[in-house]
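Trainee:
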Amino acid sequence: GNTNKLINEFNDFKPNLLTMVPRLLNKLYDTVMSETSQKDHLSKSKVAIQSKLTEIRKGNFSCDTIWDQQIFNQIRSMFGNKIERVVVSSAPLALEVADFCRAVFSCTFIECYGQTECIMGCWQSPNDTQSRETGIPTPVNHIKLIDIPEMGYLKDEAKTHATIDDAGWLRTGDVGRWTTNNAMQIIDRHKNIYKLSQGEFIAPEKIEGIYGRSQFISQVYVYGDSLQNFPIAIVLLDDDFVQKWTAENDNDSIVLDTDESKRQLTEIVLKDMIEKGK
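Here the sequence shown is numbered in this note's numbering, starting from 193 and rising by one per residue.
(1) Kindly indicate the opening and closing residues of the alpha helix (DSSP H) around residue 289.
(2) Name the two residues that bound the continuous alpha helix (DSSP H) containing residue 433.
(3) If you follow the alpha helix (DSSP H) that residue 467 is in, where does it begin and where does it stop?
(4) For residue 425, name the three-state secondary structure that DSSP assigns.
(5) Is the CB-CB distance between residue 353 and residue 367 below 8 Å?
(6) Under the rule that 16 or more other beta-carbon atoms within 10 Å means buried, what is residue 233, buried or exposed?
(7) Quick check on the burial criterion: 16 or more other C-beta atoms within 10 angstroms. Buried or exposed for residue 345?
(8) Leaving out the 5 sequence neighbours to the left and right, which residues in its chain are closer than 7 Å to residue 202 when beta-carbon positions are compared?
(9) With H, G and I counted as helix, E and B as strand and the rest as coil, what does DSSP make of residue 200?
(10) Ends of the beta strand (DSSP E) at residue 224?
(11) Pick helix, strand or coil for residue 364, following the three-state DSSP scheme.
(12) Does residue 294 come within less than 8 Å of chain D when only Cβ atoms are used?
(13) Can you give me the C-alpha to C-alpha distance between residue 343 and residue 359, rounded to a whole angstrom?
(14) Any idea if residue 310 is buried or exposed, counting beta-carbon neighbours within 10 angstroms, 16 or more meaning buried?
(15) What residue ranges within the region 356–416 form continuous beta strand (DSSP E) runs of no fewer than 3 residues, ordered along the chain?
(16) Thinking just about the alpha-carbon of each residue, which of 402, 214, 266, 256 is nearest to the one in residue 224?
Rendered as structure tokens:
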């Protein structure tokens, strides 16, 4: 389907259960924050989020607070106003985005961790309201964290042995840690961390997640080579947002039909990406 029409479809179908991936929630967060970018409005939004989180962590999921009336109800209405549970998986969700979404939806919000080969490994219980955690292991699973060896594998074993160790543990390739709440927190992917020629380690998925929060960007892919001292990013623009931005900023002259207009647009997008990366 067309992801640009998702909000309209949410409003039409009015779901009770919302299953999301971080990329879509990042876009929602960035859109709302861009519209409240004026200093006073931004400060008000931050106070509203913290106030709602305080109530939610007391077990109060009311949607009738002053902050709901002024801010959150309008956002929630875009999803049909019937959502009772939100489940997020596939990649780590940034703390500020998770807190924002908990405040907006004001319902059970579950971050979980799993793998296609091994179903759901961890998920938050309905009473767990901490962001950036993926909960405790499910009753049918045992999970073990091991140190990442600095030198990598000593021998090239068969694929089956590379996936399942001698004790029967499935190697997922994820980097995680146990929090003080005895909950799992996923930090990164072991197989997605590589070293550049000068010895610097790069986590491309993290970089893609940061740059992907630019509203100019539809998709981004980060690639690195151990023989080079820098990574590169391949960026696909969001045409709808580019057209909207040019109209709102009186930059209708920026169209991709000349080298000069392409250069101008590239500078604008790069500047926004750098701001997102700070």
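Ideal Cβ placement from N, Cα and C applies to all residues, glycine included.
Mentor: From the atom records:
(1) Segment 287–297, the alpha helix (DSSP H) holding residue 289.
(2) 431–440
(3) 451–469
(4) strand
(5) Residue 353 places its beta carbon 8 Å or farther from that of residue 367.
(6) Label assigned to residue 233: exposed.
(7) With a pLDDT of 44 at residue 345, under the threshold of 50, the modelled position of that residue is not reliable, and the figure given next carries that caveat. Residue 345 is exposed by the Cβ-count criterion.
(8) Taking C-beta separations shorter than 7 Å and ignoring five residues to either side along the sequence, the partners of residue 202 in its chain run 270, 271, 272, following chain order.
(9) Of the three classes helix, strand and coil, the one that applies to residue 200 here is helix, per DSSP.
(10) Run containing residue 224: none in the beta strand (DSSP E); it sits in the alpha helix (DSSP H), 214–227.
(11) coil
(12) The chain labelled as chain D is not found in the depicted structure, where only one protein chain is given.
(13) Any reading at residue 343 must be qualified, since the residue scores a pLDDT of 42, below 50, and its modelled position is unreliable; the value itself is stated next. Going from the Cα of residue 343 to the Cα of residue 359 covers about 22 Å.
(14) exposed
(15) 366–370, 376–381, 409–415
(16) Of all alpha-carbon atoms in 402, 214, 266, 256, the one lying nearest the alpha-carbon of residue 224 is that of 266.
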